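Take the sequence shown: its position 7, counting from 1, is numbered 409 in the numbering used here, and each next residue is one higher.
Every residue gets a Cβ at the ideal spot worked out from N, C-alpha and C, and that includes glycine.
For clarity, every value in this text was computed on a predicted model and none was experimentally measured.
Heads up, the thing below is written out as structure tokens.
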Amino acid sequence: MDYNKYTIKAQDAVNEAANIANGEDHNEIKSEHLLLALLKQEDGLIQPLVERIGVPINTLIDKTQKLVDENVKVTGENVQLHLSSNAGKVLAKAEKEANALKDQYVSTEHIFLSL
Numbered sequence: 403m404d405y406n407k408y409t410i411k412a413q414d415a416v417n418e419a420a421n422i423a424n425g426e427d428h429n430e431i432k433s434e435h436l437l438l439a440l441l442k443q444e445d446g447l448i449q450p451l452v453e454r455i456g457v458p459i460n461t462l463i464d465k466t467q468k469l470v471d472e473n474v475k476v477t478g479e480n481v482q483l484h485l486s487s488n489a490g491k492v493l494a495k496a497e498k499e500a501n502a503l504k505d506q507y508v509s510t511e512h513i514f515l516s517l
């Protein structure tokens, strides 16, 4: 994952996914953390996109939050937060999508499409 090839919004979404995972005492950033970060991102393109296809954004956020809540909580001093293999595959696929579309940077739309 070349973080420098991510748009600011995409970087913010990955960082927010880490914040969500950390705040929930999870030791992995999973795809549901990424999705929740994208859905909650203000001034992003994902909320209007979801609403445009007729899905109530708050309903999708609530359902995604339930998925996040199902993750095992891990506490302790030596807990290391890392990217799950599935989330890593999502981000790798997002990079491939950006390349296939001949986009210079990976954006939130590429991540959302990969999810």
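- Query: Using 8 Å as the threshold, is the segment 459-474 in touch with the segment 423-435, meaning 3 or more CB pairs across them?
  - Reply: The segment 459-474, when compared against the segment 423-435, does touch it at the 8 Å Cβ threshold.
- Item | Stretch-stretch touch, CB-based, cutoff 8 Å, three pairs: the segment 403-413 with the segment 497-515 | With a cut-off of 8 Å, the segment 497-515 and the segment 403-413 count as touching, because enough Cβ pairs lie within range.
- Message: Excluding the 5 residues flanking residue 439 on each side, which residues of the same chain have their C-beta closer than 7 Å to its C-beta?
- Response: Cβ within range, chain order: 415, 418, 419, 422.
- Message: Excluding the 5 residues flanking residue 493 on each side, which residues of the same chain have their C-beta closer than 6 Å to its C-beta?
- Response: 403.
- My guess is that residue 485 and residue 462 are in contact by the Cβ rule of under 8 Å, so how many angstroms apart are they, rounded? Residue 485 to residue 462, Cβ: 23 Å. No contact.
- Tell me which same chain residues have a C-beta within less than 7 Å of the C-beta of residue 467, skipping the five on either side of it? Same-chain partners within the cutoff: 438.
- Quickly, what does DSSP pair residue 485 with across the bridge? List them, please. Assignment of beta-bridge partners to residue 485 by DSSP yields 431.
- Buried or exposed: which applies to residue 479, given that a residue is buried once 16 or more other Cβ atoms fall within 10 Å of its Cβ? Note on residue 479: under 16 other CB atoms within 10 angstroms of its CB, so exposed under the neighbour-count rule.
- Message: DSSP has residue 507 in a bridge; who is on the other side?
- Response: Answer is none; residue 507 lacks a bridge partner.
- Around the Cβ of residue 446, are there at least 16 other Cβ atoms within 10 angstroms (buried) or fewer (exposed)? Flag for residue 446 reads buried.
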